[in-house]
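Peer 1: My structure is below; once you've seen it, I'll send some questions.
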């Protein structure tokens, strides 16, 4: 609804006739369906606290390309979200976050370490990503809560 209101106001400002709500929705859906995989490759990084801004230059997030039988990307439960959920932290009744990102250096032959890349949790009064909590605050799991 907000996009349609914005469309109407814009059309009014340039002295054009706005589309009807139905026509606007049809055009919007056609444009969304025309987007391809390349349109989603760029991500906007979430700003995080400077205290946790660089977890470790040796560690980097990779994106899993694993797919389901239906061809959709697989999302895995984030390790930090999972631990915090069981630790009785605020919001512990929420389901843990799912992600396609994993730390290449922390992953082993037994499996990948999946970590959220977005700032979902508050640590020391700042929103920080699970990647930064794992590497900076928990010191690669040496200081788990």
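Residue numbers (full-length UniProt numbering): 1 to 145.
The C-beta atom is built at its ideal place from N, Cα and C for all residues, glycine as well.
What you are looking at is a predicted structure, and each value in this text was computed from that prediction instead of being measured.
Run through the segment 9-44 for me and flag every whole alpha helix (DSSP H) of 4 or more residues, listed as ranges in chain order.
Peer 2: 21-33
Peer 1: Throw me the rounded Cβ distance for the residue 117 and residue 99 pair, which I believe falls under 8 Å.
Peer 2: 7 Å
Peer 1: Around the Cβ of residue 102, are there at least 16 other Cβ atoms within 10 angstroms (buried) or fewer (exposed)?
Peer 2: Counting Cβ neighbours within 10 Å, residue 102 comes out buried, since at least 16 surround it.
Peer 1: Closest to residue 85 by CA distance: which of 29, 121, 7 and 139 is it?
Peer 2: 121
Peer 1: Quick check: the Cα distance between residue 23 and residue 69, rounded to an integer number of angstroms?
Peer 2: 36 Å
Peer 1: Am I right that residue 74 and residue 64 are in contact with their C-beta atoms under 8 Å? What's the rounded C-beta distance?
Peer 2: 7 Å
Peer 1: Beta-carbon separation of residue 32 and residue 131 under 8 Å?
Peer 2: no
Peer 1: Near residue 4, what residues of its chain come up, given a Cβ to Cβ distance below 7 Å and the 5 sequence neighbours on each side ignored?
Peer 2: 21 and 24
Peer 1: Using C-beta distances below 6 Å, list every residue in its chain close to residue 38, excluding the 5 sequence neighbours before and after it, in chain order.
Peer 2: none
Peer 1: Within the continuous beta strand (DSSP E) that includes residue 126, where are the two ends?
Peer 2: 126-129
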